Amino acid sequence: YCCLVRPMLEYACVLWDPHQAYLAVKIEKIQNRAARFVSGKYDRTSSVTETKLEIGWELLNLRRKKFCLKFLFSIFSNLTRIDKYKYLELPNYISTRIDHCNKIKEIFCRTDYKKYSFFPRTITDWYSLAALAFTTGDVGYVFFQYP
């Protein structure tokens, strides 16, 4: 599963991360079936969530969120060839008491088409990261330590 199926589910997930619940559930069902197959627990009394915890798999929506945050961190830190000044803006005001030093201006959208695209959606998750993630300067910290 980890070598063949999951890479197919996560391929380019930064671009196509579904915001509709029914699409996210469809993707999670694939992982649930794989967890039942790997553990051999097919009966109705066994919990798939507990099985995934026993195996050590995390939810795919959390993994997609981590990939998006890692990619945004890479753009913000100029680790990619994407020009951050073309897509990201600095906010008008940064509070030294509340905000961290790497604050990005939120993108407000009226349509769902734009609202659930990569930048507006990931910037809102960006604010939930601890300030420690930005002081370490390590992309791996953002990827592995996000709740």
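All letters in the sequence shown, in the order written, are residues -18 to 128 by my numbering. Using N, Cα and C, we set each Cβ at its ideal position, and we do this for glycine too. Just so it is clear, the structure is predicted and the values come from calculations on it, not from any experiment.
In terms of Cα proximity to K51, the closest of L(-15), D106, R(-13) and C(-17) is D106. Fewer than three beta-carbon pairs drawn from the stretch 11 to 22 and the stretch 61 to 74 are found closer than 8 Å, and the two stretches are therefore not classed as touching.
When rounded, the separation of the alpha-carbon atoms in V6 and T92 is 23 Å. D(-2) is positioned such that its CB atom lies closer than 9 Å to that of C49.
Taking E(-9) as the centre and dropping the five residues before and after it, the same chain places no C-beta closer than 6 Å to its C-beta. Counting other Cβ atoms within 10 Å of its Cβ, R62 stays below 16 and is therefore classed as exposed. In the same chain as N13, and ignoring 5 residues on each side of it, the C-beta atoms closer than 6 Å to its own belong to V29, in chain order. Assigned with DSSP and collapsed to three states, N59 falls in coil, not helix or strand.
Secondary structure of E70 (DSSP, three-state): coil.
Ranking E9, T32 and L53 by CA distance to the CA of L43 puts E9 first. Taking C-alpha positions only, K96 is separated from K47 by approximately 19 Å. Spanning the alpha carbons of D24 and T32 requires a straight line of approximately 12 Å.
Of the residues assessed, C(-16) falls on the exposed side of the cut-off, its CB having fewer than 16 other CB atoms within 10 angstroms. Under a 10 Å Cβ-count criterion, F89 is classified as exposed, with fewer than 16 other Cβ atoms of the shown protein chains found around its own Cβ.
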